[in-house]
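Asks:
Residue numbers (this note's numbering): 10 to 651.
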């Protein structure tokens, strides 16, 4: 499906769509093989950016332009224009995020520090379903996927979001939102081959379900080649992934709707002479109703089952259940209040593999979390809003955690917004911290939550009629950080560390005409951690001080679209090699620059061909502190819709 055409006759969300189209300067058709109409983007102005609606900051709909947070919205049009084939690749397109590929199926993704394969300070959700695991307080990215064409947007908050999203939303929130099945009628088939993505095949079909419902179902399969070992051979980490899923949406009446969706997946990754396996399925139900007084009530129920076999380590079997209720209402003329409550249960069995290096005691555990939050957006004047609120959580490891925030936003007009925020967030313990034994390391039942106090400020503004800017500055103090401390002849996790981070994030969007757009993004980050001399950091923190990219797209004509992205990532230095007189370890990764380029050609209203090449400046380069190099690659795809 072309990323720059729209099926005629679709008038949904016309007040919002122009902003999304302006950001990407593209237009995507989500229908069947009907006649297409190219929309002239010159009819839209930068003022339309104020119409972009988000839900990540306060779990209610609000305009991105006036949100009191460092937020970026990546649209589905941008994702498809740049030939994205995985969620981590999509996150590379977002200003301020650190994304490092460390294997065919492994990524390290975070914001504002503490990045690692075990990154534990980012909350990631898809359609309201948390992708976080209590095993390590992070995300296994090799188990997270969807039909890429169905992504409507990805909202990313850089900075704490714990007052509504809860523990572990310390340095940011990634909120992935897929499109309603009402907007995905017809059939789409994608097939492609490449040097690293050896093969990919996916198909999705959607249509009406009775008088008030719509549905879609999809299947996809991908086969990825192994990455390159620094010793010169293959890293023996080739990966294949299969997934299927569905979504149904029902308009129950004029004031209520119901969504039911689910996914089923299976993944296999080579590891030396064995194979790592992960499989699972999830189901989600979401009911929304507008009440007679104009308030909104929603209830979400989630079930998630995961099975993971890590060769030479352990075998995980996990069931997670969650129910959440959220209510949003107006109180008088100045207060917009949202509150909610949730219950989460995670039951696991973690079996040690004979000869493996990891064990858990107890082997089986049931962890419960009960939470409630309230937030009030108080309109002091027509242009000045004060938001204050908190989330209170009760968990089985540390008891009660309180995570408040206060935000202030001043928007004299739709394109100018100054904002500031002060927040407290925690990273609660996980099974690795408390219950694991890894060679000489032992978890500790005394390990407590890590704490972050963060202050932020930012400004969104137009530079001229075709250019907008976005700047954010932040400072965070950390306490009770995890350290690996000596305990007799072994080591254990203790809350001995502290530190601080500060930085600046800036981006500029230039839309010179209706055919082209260019986004420039830069981030500087300074992280200074302090641990007792008798311990190591235990943070696995490898973040570049500087990173920047420039990306854009150019619509040559109604059939041809070009895209490119040039990125720079500063060197990575192992945290235990920093400091006066220290010598960088072998895990220090040199700085690198890389270039991606792509072309999409709309051969006919039903057939699209694309070619995307990645990492063109080097035959291979390192992105993380392990024995893996990421190679230059190319991928070509044909897409049919009918």
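Note that CB positions come from ideal geometry on N, CA and C, so glycine has one too. Predicted, not measured: the structure shown is a model, and the values here were computed from it.
(1) From the DSSP output, in three-state form, read off residue 157 for me.
(2) Does the segment 80-98 touch the segment 349-364, meaning 3 or more C-beta pairs lie closer than 8 Å?
(3) Determine the closest residue to residue 369 out of 444, 328, 317 and 339, with distance taken between C-alpha atoms.
(4) Could you check the C-alpha separation between residue 483 and residue 428 for me, to the nearest Å?
(5) Determine contact between the segment 165-177 and the segment 406-420, defined as no fewer than three beta-carbon pairs at a distance below 8 Å.
(6) Only counting the same chain, and skipping five residues up and downstream in sequence, which positions put a Cβ closer than 6 Å to that of residue 381?
(7) Report back the beta-carbon spacing between residue 431 and residue 459 to the nearest angstrom; my notes put them in contact at under 8 Å.
(8) If I follow the unbroken beta strand (DSSP E) through residue 632, where does it start and stop?
(9) Skipping 5 residues on each side, what residues in its chain have a beta carbon closer than 7 Å to that of residue 191?
(10) Does the Cβ of residue 598 have 16 or more other Cβ atoms within 10 Å, making it buried, or fewer, making it exposed?
(11) Rounded to the nearest angstrom, what separates residue 437 and residue 363 at their Cα positions?
(12) What three-state label does DSSP hand residue 97 in the structure shown?
(13) Considering Cα atoms alone, identify which of 203, 164 and 625 is closest to residue 644.
(14) Under 8 Å: do the segment 501-518 and the segment 528-537 share three or more Cβ pairs, one atom per stretch?
(15) Taking the CB atoms as reference points, tell me whether residue 221 and residue 261 lie closer together than 9 Å.
(16) Just tell me which of 625, 516 and 567 has its CA closest to the CA of residue 575.
(17) In chain order, what residues of the same chain have a beta carbon less than 7 Å from the beta carbon of residue 300, not counting five sequence neighbours either side?
(18) Would residue 565 be called buried (16 or more neighbouring beta carbons within 10 Å of its own) or exposed?
(19) Is the CB of residue 246 under 9 Å away from at least one CB in chain C?
(20) According to DSSP, simplified to helix, strand and coil, what is residue 52?
(21) Which of helix, strand or coil does DSSP assign to residue 19?
(22) Tell me, please, which residues DSSP counts as bridged to residue 471.
(23) Can you tell me where the beta strand (DSSP E) with residue 183 in it begins and where it stops?
(24) Where does residue 441 fall in DSSP's three states?
(25) When the Cα of residue 630 is compared with those of 167, 636, 623 and 640, which residue comes out closest?
(26) Which residues share a DSSP beta bridge with residue 200?
(27) Between the segment 131-143 and the segment 177-190, do three or more beta carbon pairs fall short of 8 Å?
(28) Is the separation between the beta-carbon of residue 419 and that of residue 396 shorter than 9 Å?
(29) Pick out whichever of 408, 346, 423 and 378 has its Cα sitting closest to the Cα of residue 398.
(30) Give me the Cα-Cα distance between residue 286 and residue 520, rounded to the nearest whole angstrom.
(31) With a cut-off of 8 Å on the beta carbons, I'd call residue 485 and residue 225 a contact; round off their distance for me.
(32) Does the ligand ADP have a heavy atom nearer than 8 Å to the CB of residue 217?
(33) Counting along the chain, where does the alpha helix (DSSP H) carrying residue 88 start and finish?
(34) DSSP state of residue 66, grouped into three classes?
(35) Skipping 5 residues on each side, what residues in its chain have a beta carbon closer than 8 Å to that of residue 51?
(36) Could you check which residue in 229, 73 and 572 has the C-alpha nearest to that of residue 604?
Replies: In this structure, then:
(1) helix
(2) no
(3) 444
(4) 12 Å
(5) yes
(6) 350 and 401
(7) Not quite, the Cβ-Cβ distance comes to about 18 Å (not below 8 Å), so this is no contact.
(8) That residue, residue 632, is in no beta strand (DSSP E); it is neither H nor E in DSSP.
(9) 223 and 258
(10) buried
(11) 30 Å
(12) helix
(13) 203
(14) yes
(15) yes
(16) 625
(17) 306
(18) exposed
(19) Going by chain labels, chain C is absent from the structure shown, which holds only one protein chain.
(20) In this prediction, residue 52 scores a pLDDT of 36, lower than 50, which makes its location untrustworthy; the coordinate-derived value is nonetheless stated afterwards. Residue state, collapsed to three classes: helix.
(21) Because the pLDDT of residue 19 is 38, which lies under 50, any placement of that residue in the model is unreliable, and the question is left without a value.
(22) 477
(23) 181-187
(24) helix
(25) 640
(26) 210 and 647
(27) yes
(28) no
(29) 346
(30) 45 Å
(31) In fact, because the Cβ distance is near 41 Å, the residues do not count as touching under 8 Å.
(32) Although the ligand ADP was asked about, the structure shown includes no ligands whatsoever.
(33) 85-90
(34) coil
(35) For residue 51, the predicted model reports a pLDDT of 34, less than 50, meaning its position is unreliable and no value from the coordinates is stated.
(36) 572
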